[in-house]
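Comments concern the structure below.
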Amino acid sequence: MSTSDEHGISTDKLEKKYKGIRRRKWGKWVSEIRVPGTQDRLWLGSYSTPEAAAIAHDTALYCLRGTSSAPENFNFPLKLPASARIGMSPRSVQNVSSNAGMAIDAQILASKRSSDNVENVDHQNGMNYVLDDHQPLNISVEDYL
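Be aware that the sequence shown starts at 1, since it is given in UniProt numbering, and climbs by one per residue.
Quick look at the structure:
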């Protein structure tokens, strides 16, 4: 399905294509990866941004395949989380990958919110103030298992 912006330009061509992710009809980005040596797929989560889903995929790819996977197979080869280890169990890979993706989602969404609402100005009193009541998200894939 192709959509167009207000100028008639296809938005599908404007989005960067990341490996190991896809977009649901309702706009969420999801990621999964095949477990090596099996036909099983490991669900990595659903995210608000394609970058978060791509980070989750990269983390799982590294944990499952290690350094045998070429750097060009990663979306962001320099952004693997410190918690990513080779040889983890599939459930641990799922947990680490989901946490990495959700952390990126939270960063991107917080950055977007702060750029949308950098400063709130009280024009009546001539005062400038910044509202920052956003708390960090603490969600894990284990919350859904």
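Every residue gets a Cβ at the ideal spot worked out from N, C-alpha and C, and that includes glycine. What you are looking at is a predicted structure, and each value in this text was computed from that prediction instead of being measured.
For residue i, the nearest candidate out of the options (CA to CA)
i           : options                       : result
Leu109      : Gly45, His57 and Ala52        : Ala52
Arg22       : Leu64, Asp40, Tyr47 and Tyr62 : Tyr47
Pro36       : Ser98, Ser69, Lys79 and Lys17 : Ser69
Ala56       : Ala106, Gln94 and Ser114      : Gln94
residue 146 : Pro90, Ile104 and Gln107      : Nothing can be reported for residue 146, as the shown portion of the chain is limited to 1 through 145.
Helix, strand or coil at residue i [DSSP, three-state]
i     : result
Leu14 : Caution applies to Leu14, whose pLDDT of 47 falls short of 50 and renders its modelled position unreliable; the value that the coordinates give is listed next. Residue state, collapsed to three classes: coil.
Trp26 : coil
Glu32 : strand
Contiguous alpha helix (DSSP H) assignments of at least 4 residues, all confined to the segment 37-122: 50-65 and 90-116
Stretch pair the segment 23-31 + the segment 74-84: three plus CB contacts closer than 8 Å: no
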